[in-house]
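Its first residue numbered 2, the sequence shown is counted upward by one per residue in the working numbering.
Scroll down for the structure; my scribbles are underneath it.
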Amino acid sequence: MLAQEIKSLLSEKVLAQIEDKSIQNIIRGIIFNSDNKIDWDDALYKVYKNMPELIMEEVAQNEK
2 MLAQEIKSLL SEKVLAQIED KSIQNIIRGI IFNSDNKIDW DDALYKVYKN
52 MPELIMEEVA QNEK
């Protein structure tokens, strides 16, 4: 999965579950900062490890 796809997943699936808009904005600012040095493969691993339901959604979308 490409970095941009991982960013979209984080934005659409993970941040959407955070009710506090201030926290959403802070995390979104970190994720989409072009100067960041985030290991996106590791970030994706951590999301799937902590939110396994997203794996099933991803598989279902890819089967369509």
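Beta carbons are placed, not taken as given, at the ideal position from N, Cα and C, and that holds for glycine.
All values reported here derive from a predicted model rather than from experimental measurement.
- Which parts of the segment 25–59 are runs of the beta strand (DSSP E), unbroken and 3 residues or longer, counting only runs that do not cross its ends? none
- Query: Per DSSP, what kind of secondary structure is glutamate 13 in: helix, strand or coil?
  - Reply: Reduced to three states, the DSSP call for glutamate 13 is helix.
- Cα-Cα, which of Ile39, Glu54 and Lys14 is closest to alanine 4? Ile39
- Message: On the criterion of 16 or more Cβ atoms from any shown chain inside 10 Å, does isoleucine 24 qualify as buried, or is it exposed?
- Response: Residue environment for isoleucine 24: exposed (fewer than 16 other C-beta atoms within 10 angstroms of its C-beta).
- Grouping DSSP H, G and I as helix and E and B as strand, with all else coil, what is glutamate 20? coil
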